[in-house]
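Engineer: When we follow our numbering, the leftmost residue of the sequence shown carries the number 64, and every step to the right adds one.
Sharing a structure here in C-alpha coordinates format.
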Amino acid sequence: MSLSSPPRYDRIVSLVFVVLIGLTIIFLIDANPNTLRIRLGGDLPTLAISWLLIGSLLLITSAGADLLARSHPQMQTRSLPTLNLGVTTVEIAPAFWILPAFSVIGSFAFFRILSTSLQGLAFALALLVAGGGLLATLICQHYALDRNPQLSQRAQLALQVIAYLAAFACFSAIYYARQRTLYSATLIGATGSLLAYAMLQWTGRVHSFRLSLLVGLLLAEATWALNYWAASFLVGGTLLLVIFYITSGLLQHQASGKLQRRLIVEYALLGSCLLAIVIYATFRF
(Lines of atoms letter the chains of each structure in order from A and count residues from 1; the text may use other names and numbers.)
(Lines give C-alpha, C1' and ligand atoms only; values in the text may rest on other atoms or scores of the structure.)
Protein backbone atom coordinates (compact mmCIF):
# COMPACT_ATOMS: atom_id res chain seq x y z
CA MET A 1 0.00 0.00 0.00
CA SER A 2 1.31 3.43 -0.93
CA LEU A 3 2.19 5.65 2.02
CA SER A 4 2.29 8.90 0.08
CA SER A 5 -0.53 11.34 -0.38
CA PRO A 6 -2.25 11.66 -3.77
CA PRO A 7 -1.07 14.45 -6.11
CA ARG A 8 -2.45 17.95 -5.60
CA TYR A 9 -4.45 17.95 -8.81
CA ASP A 10 -5.85 21.41 -8.10
CA ARG A 11 -2.36 22.92 -8.08
CA ILE A 12 -1.18 20.82 -11.02
CA VAL A 13 -4.13 21.75 -13.24
CA SER A 14 -3.81 25.42 -12.27
CA LEU A 15 -0.14 25.45 -13.25
CA VAL A 16 -0.86 23.71 -16.56
CA PHE A 17 -3.64 26.20 -17.29
CA VAL A 18 -1.34 29.18 -16.63
CA VAL A 19 1.35 27.70 -18.87
CA LEU A 20 -1.09 27.09 -21.72
CA ILE A 21 -2.35 30.67 -21.52
CA GLY A 22 1.23 31.90 -21.64
CA LEU A 23 2.05 29.65 -24.61
CA THR A 24 -1.01 30.90 -26.47
CA ILE A 25 0.09 34.52 -26.03
CA ILE A 26 3.65 33.67 -27.10
CA PHE A 27 2.46 31.89 -30.24
CA LEU A 28 0.25 34.85 -31.19
CA ILE A 29 3.18 37.23 -30.72
CA ASP A 30 5.56 34.95 -32.62
CA ALA A 31 3.14 34.68 -35.56
CA ASN A 32 3.39 38.43 -36.15
CA PRO A 33 6.07 39.04 -38.83
CA ASN A 34 6.82 42.44 -37.29
CA THR A 35 7.71 40.95 -33.91
CA LEU A 36 10.82 42.47 -32.35
CA ARG A 37 14.01 40.48 -32.93
CA ILE A 38 17.18 41.14 -30.99
CA ARG A 39 20.44 41.15 -32.95
CA LEU A 40 23.32 40.29 -30.66
CA GLY A 41 25.98 41.27 -33.16
CA GLY A 42 28.80 39.40 -34.85
CA ASP A 43 27.94 35.85 -35.86
CA LEU A 44 25.67 35.35 -32.87
CA PRO A 45 22.17 34.10 -33.80
CA THR A 46 19.26 36.53 -33.90
CA LEU A 47 17.03 36.16 -30.84
CA ALA A 48 13.26 36.47 -31.24
CA ILE A 49 11.35 38.15 -28.43
CA SER A 50 9.25 34.99 -28.13
CA TRP A 51 12.27 33.14 -26.73
CA LEU A 52 12.63 35.70 -23.95
CA LEU A 53 8.95 35.20 -23.12
CA ILE A 54 9.48 31.42 -23.14
CA GLY A 55 12.27 31.94 -20.62
CA SER A 56 9.85 33.77 -18.31
CA LEU A 57 7.30 30.96 -18.74
CA LEU A 58 9.94 28.38 -17.84
CA LEU A 59 10.64 30.23 -14.59
CA ILE A 60 6.95 29.96 -13.70
CA THR A 61 6.89 26.28 -14.65
CA SER A 62 10.03 25.49 -12.64
CA ALA A 63 8.79 27.38 -9.59
CA GLY A 64 5.47 25.53 -9.67
CA ALA A 65 7.18 22.16 -10.12
CA ASP A 66 9.52 22.97 -7.23
CA LEU A 67 6.65 23.76 -4.87
CA LEU A 68 4.79 20.60 -5.87
CA ALA A 69 7.87 18.42 -5.38
CA ARG A 70 8.82 19.88 -1.99
CA SER A 71 5.27 19.41 -0.70
CA HIS A 72 5.60 15.63 -1.09
CA PRO A 73 6.03 13.88 2.30
CA GLN A 74 9.02 11.88 1.06
CA MET A 75 10.93 15.09 0.30
CA GLN A 76 11.00 15.96 4.00
CA THR A 77 13.67 13.31 4.55
CA ARG A 78 15.86 14.42 1.63
CA SER A 79 18.77 16.81 1.83
CA LEU A 80 18.04 19.58 -0.66
CA PRO A 81 20.18 22.45 -1.96
CA THR A 82 19.54 25.78 -0.27
CA LEU A 83 19.29 29.21 -1.83
CA ASN A 84 20.64 32.03 0.31
CA LEU A 85 18.49 35.14 -0.09
CA GLY A 86 20.36 37.19 2.50
CA VAL A 87 17.66 37.44 5.16
CA THR A 88 16.65 33.81 4.82
CA THR A 89 17.50 30.55 3.10
CA VAL A 90 15.10 28.54 0.95
CA GLU A 91 15.36 24.88 0.04
CA ILE A 92 14.97 24.11 -3.66
CA ALA A 93 14.60 20.92 -5.71
CA PRO A 94 16.24 21.78 -9.08
CA ALA A 95 16.18 18.16 -10.31
CA PHE A 96 12.39 18.41 -10.46
CA TRP A 97 12.49 21.53 -12.66
CA ILE A 98 14.07 19.89 -15.68
CA LEU A 99 11.38 17.67 -17.20
CA PRO A 100 8.49 20.13 -16.64
CA ALA A 101 10.55 22.90 -18.25
CA PHE A 102 11.59 20.78 -21.22
CA SER A 103 8.02 19.56 -21.72
CA VAL A 104 7.13 23.17 -22.46
CA ILE A 105 10.20 24.32 -24.39
CA GLY A 106 10.38 21.11 -26.44
CA SER A 107 6.77 21.45 -27.58
CA PHE A 108 7.21 25.11 -28.48
CA ALA A 109 10.51 24.64 -30.31
CA PHE A 110 9.45 21.59 -32.32
CA PHE A 111 6.02 22.73 -33.45
CA ARG A 112 7.34 26.22 -34.16
CA ILE A 113 9.32 24.58 -36.96
CA LEU A 114 6.13 23.11 -38.42
CA SER A 115 4.11 26.31 -38.15
CA THR A 116 4.89 27.35 -41.75
CA SER A 117 3.46 24.12 -43.19
CA LEU A 118 0.80 23.18 -40.64
CA GLN A 119 -0.09 26.76 -39.59
CA GLY A 120 -2.94 26.67 -37.06
CA LEU A 121 -2.68 22.91 -36.58
CA ALA A 122 0.90 23.27 -35.34
CA PHE A 123 -0.31 25.78 -32.74
CA ALA A 124 -3.06 23.42 -31.55
CA LEU A 125 -0.69 20.45 -31.42
CA ALA A 126 1.90 22.44 -29.47
CA LEU A 127 -0.68 23.35 -26.83
CA LEU A 128 -1.96 19.77 -26.66
CA VAL A 129 1.50 18.23 -26.33
CA ALA A 130 2.78 20.87 -23.90
CA GLY A 131 -0.28 20.64 -21.67
CA GLY A 132 -0.41 16.85 -21.74
CA GLY A 133 3.34 16.49 -21.26
CA LEU A 134 3.45 18.91 -18.34
CA LEU A 135 0.43 17.29 -16.68
CA ALA A 136 1.91 13.79 -17.06
CA THR A 137 5.33 14.93 -15.85
CA LEU A 138 4.06 16.56 -12.67
CA ILE A 139 1.89 13.57 -11.78
CA CYS A 140 4.64 11.05 -12.53
CA GLN A 141 7.20 13.01 -10.52
CA HIS A 142 4.86 12.77 -7.57
CA TYR A 143 4.38 9.01 -7.87
CA ALA A 144 8.08 8.45 -8.56
CA LEU A 145 8.66 9.43 -4.92
CA ASP A 146 6.15 6.87 -3.66
CA ARG A 147 7.41 4.27 -1.18
CA ASN A 148 5.61 1.56 -3.13
CA PRO A 149 8.45 0.21 -5.35
CA GLN A 150 6.19 -0.98 -8.16
CA LEU A 151 4.32 2.31 -8.39
CA SER A 152 7.55 4.30 -8.17
CA GLN A 153 9.24 2.26 -10.91
CA ARG A 154 6.29 2.64 -13.28
CA ALA A 155 6.30 6.41 -12.72
CA GLN A 156 10.06 6.58 -13.32
CA LEU A 157 9.67 4.61 -16.54
CA ALA A 158 7.03 7.09 -17.72
CA LEU A 159 9.39 9.96 -16.89
CA GLN A 160 12.09 8.33 -19.00
CA VAL A 161 9.72 8.18 -21.98
CA ILE A 162 8.87 11.87 -21.47
CA ALA A 163 12.59 12.70 -21.31
CA TYR A 164 13.26 10.89 -24.60
CA LEU A 165 10.39 12.69 -26.34
CA ALA A 166 11.59 16.06 -25.02
CA ALA A 167 15.14 15.22 -26.13
CA PHE A 168 13.99 14.41 -29.67
CA ALA A 169 11.98 17.63 -29.92
CA CYS A 170 14.84 19.82 -28.67
CA PHE A 171 17.56 18.07 -30.67
CA SER A 172 15.50 18.34 -33.87
CA ALA A 173 14.75 22.03 -33.30
CA ILE A 174 18.38 22.90 -32.58
CA TYR A 175 19.63 20.92 -35.57
CA TYR A 176 17.01 22.58 -37.79
CA ALA A 177 18.41 26.03 -36.99
CA ARG A 178 21.77 25.06 -38.55
CA GLN A 179 23.77 27.37 -36.33
CA ARG A 180 27.54 27.19 -36.00
CA THR A 181 28.84 24.10 -34.22
CA LEU A 182 29.95 26.25 -31.29
CA TYR A 183 26.32 27.18 -30.58
CA SER A 184 24.47 24.04 -31.69
CA ALA A 185 26.86 21.64 -29.93
CA THR A 186 26.69 23.72 -26.74
CA LEU A 187 22.89 23.76 -26.75
CA ILE A 188 22.53 20.07 -27.54
CA GLY A 189 25.19 19.12 -24.99
CA ALA A 190 23.51 21.19 -22.27
CA THR A 191 20.09 19.78 -23.15
CA GLY A 192 21.38 16.21 -23.05
CA SER A 193 23.16 16.75 -19.72
CA LEU A 194 20.09 18.19 -18.03
CA LEU A 195 17.74 15.51 -19.30
CA ALA A 196 20.21 12.77 -18.38
CA TYR A 197 20.49 14.23 -14.88
CA ALA A 198 16.70 14.24 -14.55
CA MET A 199 16.76 10.47 -15.17
CA LEU A 200 19.92 9.65 -13.24
CA GLN A 201 18.69 11.35 -10.07
CA TRP A 202 16.47 8.34 -9.36
CA THR A 203 19.48 6.03 -9.09
CA GLY A 204 20.49 7.73 -5.84
CA ARG A 205 24.11 8.18 -6.89
CA VAL A 206 25.96 11.22 -5.53
CA HIS A 207 27.87 11.72 -8.79
CA SER A 208 24.80 11.72 -11.07
CA PHE A 209 25.57 15.22 -12.31
CA ARG A 210 29.08 14.23 -13.37
CA LEU A 211 27.70 11.24 -15.27
CA SER A 212 25.15 13.47 -16.98
CA LEU A 213 27.95 15.78 -18.14
CA LEU A 214 29.49 12.79 -19.90
CA VAL A 215 26.26 12.31 -21.86
CA GLY A 216 26.28 15.98 -22.85
CA LEU A 217 29.91 15.81 -23.96
CA LEU A 218 29.23 12.81 -26.22
CA LEU A 219 26.22 14.55 -27.75
CA ALA A 220 28.22 17.73 -28.36
CA GLU A 221 30.92 15.74 -30.17
CA ALA A 222 28.27 13.92 -32.21
CA THR A 223 26.75 17.28 -33.17
CA TRP A 224 30.12 18.48 -34.43
CA ALA A 225 30.32 15.46 -36.77
CA LEU A 226 26.64 15.64 -37.71
CA ASN A 227 26.95 19.25 -38.89
CA TYR A 228 29.05 17.97 -41.80
CA TRP A 229 26.31 15.56 -42.79
CA ALA A 230 23.49 16.70 -45.10
CA ALA A 231 20.54 15.27 -43.18
CA SER A 232 17.05 16.56 -42.46
CA PHE A 233 16.29 17.89 -39.00
CA LEU A 234 14.15 14.82 -38.22
CA VAL A 235 16.99 12.45 -39.14
CA GLY A 236 19.48 14.55 -37.20
CA GLY A 237 17.19 14.64 -34.16
CA THR A 238 16.63 10.87 -34.37
CA LEU A 239 20.35 10.14 -34.60
CA LEU A 240 21.10 12.31 -31.57
CA LEU A 241 18.21 10.65 -29.71
CA VAL A 242 19.70 7.20 -30.38
CA ILE A 243 23.04 8.33 -28.94
CA PHE A 244 21.28 9.88 -25.96
CA TYR A 245 19.21 6.73 -25.38
CA ILE A 246 22.22 4.40 -25.45
CA THR A 247 24.55 6.49 -23.28
CA SER A 248 21.96 7.52 -20.69
CA GLY A 249 20.57 3.97 -20.52
CA LEU A 250 23.98 2.41 -19.92
CA LEU A 251 24.86 5.01 -17.30
CA GLN A 252 21.56 4.46 -15.49
CA HIS A 253 22.23 0.74 -15.23
CA GLN A 254 25.82 1.40 -14.18
CA ALA A 255 24.76 3.90 -11.52
CA SER A 256 22.17 1.50 -10.10
CA GLY A 257 24.66 -1.37 -10.08
CA LYS A 258 22.73 -3.44 -12.64
CA LEU A 259 25.06 -3.12 -15.63
CA GLN A 260 25.90 -6.55 -17.06
CA ARG A 261 27.61 -7.77 -20.21
CA ARG A 262 24.24 -8.90 -21.58
CA LEU A 263 22.86 -5.36 -21.31
CA ILE A 264 25.91 -3.90 -23.03
CA VAL A 265 25.47 -6.32 -25.93
CA GLU A 266 21.73 -5.56 -26.15
CA TYR A 267 22.31 -1.81 -26.21
CA ALA A 268 25.10 -2.21 -28.78
CA LEU A 269 22.90 -4.30 -31.08
CA LEU A 270 19.89 -2.02 -30.66
CA GLY A 271 21.99 1.08 -31.20
CA SER A 272 23.63 -0.39 -34.30
CA CYS A 273 20.26 -1.32 -35.80
CA LEU A 274 18.79 2.12 -35.11
CA LEU A 275 21.83 3.89 -36.53
CA ALA A 276 21.71 1.69 -39.64
CA ILE A 277 18.02 2.54 -40.14
CA VAL A 278 18.69 6.27 -39.77
CA ILE A 279 21.62 6.16 -42.20
CA TYR A 280 19.59 4.15 -44.72
CA ALA A 281 16.70 6.59 -44.46
CA THR A 282 19.08 9.48 -45.08
CA PHE A 283 20.52 8.10 -48.31
CA ARG A 284 17.28 6.48 -49.48
CA PHE A 285 15.11 9.58 -49.24
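C-beta: ideal position from N, C-alpha, C; glycine also.
Counting only runs that start and end within the stretch 134-165, where is the beta strand (DSSP E) found for 3 or more residues in a row?
Structural biologist: With a minimum length of 3 residues, the continuous beta strand (DSSP E) runs that stay inside the stretch 134-165 are 145-147, 152-154.
Engineer: Relative to the alpha-carbon of Leu116, which residue among Arg243, Ala128, Val82, Arg133 has its alpha-carbon at the smallest distance?
Structural biologist: Counting from one through the sequence shown, the residue named residue 116 turns up at place 53. Closest by alpha carbon: Val82.
Engineer: Contact defined as beta carbons within less than 8 angstroms: I believe Ala132 pairs with Gln264. What is the distance between those atoms, to the nearest angstrom?
Structural biologist: Position 69 of the sequence shown, counted from the start, is the residue given in the question as residue 132. Position 201 of the sequence shown, counted from the start, is the residue given in the question as residue 264. That pair is no contact at about 11 angstroms.
Engineer: Quick one: using the 10 Å Cβ neighbour count with 16 as the cut-off for buried, is Ile161 buried or exposed?
Structural biologist: For this step, residue 161 is matched to residue 98 along the sequence shown. With 16 or more Cβ atoms within 10 Å of its Cβ, Ile161 is classed as buried.
Engineer: Under the rule that 16 or more other beta-carbon atoms within 10 Å means buried, what is Ile89, buried or exposed?
Structural biologist: As a first step, residue 89 is located in the sequence shown; it is residue number 26 there, counting from the start. Ile89 comes out buried.
Engineer: Considering only their Cβ atoms, is the gap separating Ile225 from Ser199 smaller than 8 angstroms?
Structural biologist: In the sequence shown, residue 199 corresponds to position 136, counting from 1. In the sequence shown, residue 225 corresponds to position 162, counting from 1. One point to set straight first is that residue 199 is Ala, not Ser, in the sequence displayed. Yes, the Cβ-Cβ distance between Ala199 and Ile225 is below 8 angstroms.
Engineer: Quick one: what does DSSP say Cys336 is sitting in, helix, strand or coil?
Structural biologist: By 1-based counting over the sequence shown, the position of residue 336 is 273. Helix.
Engineer: Hey, is the stretch 244-259 in contact with the stretch 300-317, meaning 3+ C-beta pairs nearer than 8 angstroms?
Structural biologist: In short, these stretches touch, since the Cβ pair count reaches three.
Engineer: Hey, how far is the Cα of Ile342 from the Cα of Ser275?
Structural biologist: Residue numbering aside, residue 342 sits at position 279 when the sequence shown is read from its first letter. Residue numbering aside, residue 275 sits at position 212 when the sequence shown is read from its first letter. Rounded to the nearest angstrom, the two C-alpha atoms are 26 angstroms apart.
Engineer: Taking buried to mean at least 16 other C-beta atoms within 10 Å of its own C-beta, is Asp73 buried or exposed?
Structural biologist: The count along the sequence shown starts at 1 and reaches residue 73 at position 10. By the neighbour-count rule (16 or more Cβ atoms within 10 Å), Asp73 is not buried but exposed.
Engineer: With distances taken Cα to Cα, identify the nearest neighbour of Glu154 among Asn290, Thr140, Ala164.
Structural biologist: As a position in the sequence shown, residue 154 is number 91, starting the count at 1. Checked all of Asn290, Thr140, Ala164; the closest Cα to Glu154 is Thr140.
Engineer: Can you determine whether any heavy atom of the ligand COA sits closer than 7 angstroms to the C-beta of Thr249, and answer yes or no?
Structural biologist: This structure simply doesn't include the ligand COA, nor any ligand for that matter.
Engineer: Helix, strand or coil, according to DSSP, for Pro70 in the structure here?
Structural biologist: For the purposes of this step, residue 70 is identified with residue 7 of the sequence shown, where counting begins at 1. In this structure, Pro70 counts as coil in the three-state DSSP scheme.
Engineer: Alpha helix (DSSP H) containing His316: first to last residue?
Structural biologist: The sequence position of residue 316 within the sequence shown is 253, counting from 1. Looking at the DSSP string, the run of the alpha helix (DSSP H) that includes His316 is 296-318.
Engineer: Mind reading off the beta-carbon distance from Ala189 to Ser125? Whole number of angstroms is fine, and I expect it under 8 angstroms.
Structural biologist: Here residue 189 refers to the residue found at position 126 when the sequence shown is read from its first residue. Here residue 125 refers to the residue found at position 62 when the sequence shown is read from its first residue. Incorrect: roughly 19 angstroms between the Cβ atoms, too far for contact.
Engineer: To the nearest angstrom, how far is the alpha carbon of Ala288 from that of Ser180?
Structural biologist: In the sequence shown, counting from the first residue as 1, residue 288 sits at position 225. In the sequence shown, counting from the first residue as 1, residue 180 sits at position 117. So the two alpha carbons sit approximately 29 angstroms from each other.
Engineer: Tell me whether Trp292 sits in a helix, a strand or coil according to DSSP, three-state version.
Structural biologist: Along the sequence shown, one-based indexing puts residue 292 at 229. Trp292: coil per DSSP, three-state reduction.
Engineer: Taking the alpha helix (DSSP H) that His270 belongs to, which residues open and close that run?
Structural biologist: Translated into positions along the sequence shown, residue 270 becomes position 207. Run containing His270: none; DSSP gives neither H nor E here.
Engineer: Do the stretch 205-222 and the stretch 276-295 make contact, defined as three or more Cβ pairs closer than 8 angstroms?
Structural biologist: At 8 angstroms Cβ cutoff, the stretches do not touch.
Engineer: Within a Cβ cutoff of 7 angstroms, which residues of the same chain sit near Gly334, ignoring the five residues on either side of it in sequence?
Structural biologist: Start at 1 with the first residue of the sequence shown, and residue 334 comes out as number 271. Closer than 7 angstroms at the Cβ level, and outside the excluded window around Gly334, lie Val305, Ile309.
Engineer: Ignore the nearest five residues each way along the sequence and tell me which others in Thr244's own chain have a CB closer than 6 angstroms to its CB.
Structural biologist: To locate residue 244, count along the sequence shown from 1; it is residue 181. Cβ neighbours of Thr244 beyond the five flanking positions: Trp287, Asn290.
Engineer: How about Leu86 and Leu130: do their beta carbons lie closer than 8 angstroms?
Structural biologist: Here residue 86 refers to the residue found at position 23 when the sequence shown is read from its first residue. Here residue 130 refers to the residue found at position 67 when the sequence shown is read from its first residue. Contact: no.
Engineer: Which residues in the same chain have their Cβ closer than 7 angstroms to the Cβ of Ala318, if we skip the five residues on either side of it in sequence?
Structural biologist: On the sequence shown, position 255 is the one that residue 318 refers to. Here the set comprises Leu263, Thr266, Arg268, Ser271, Leu274.
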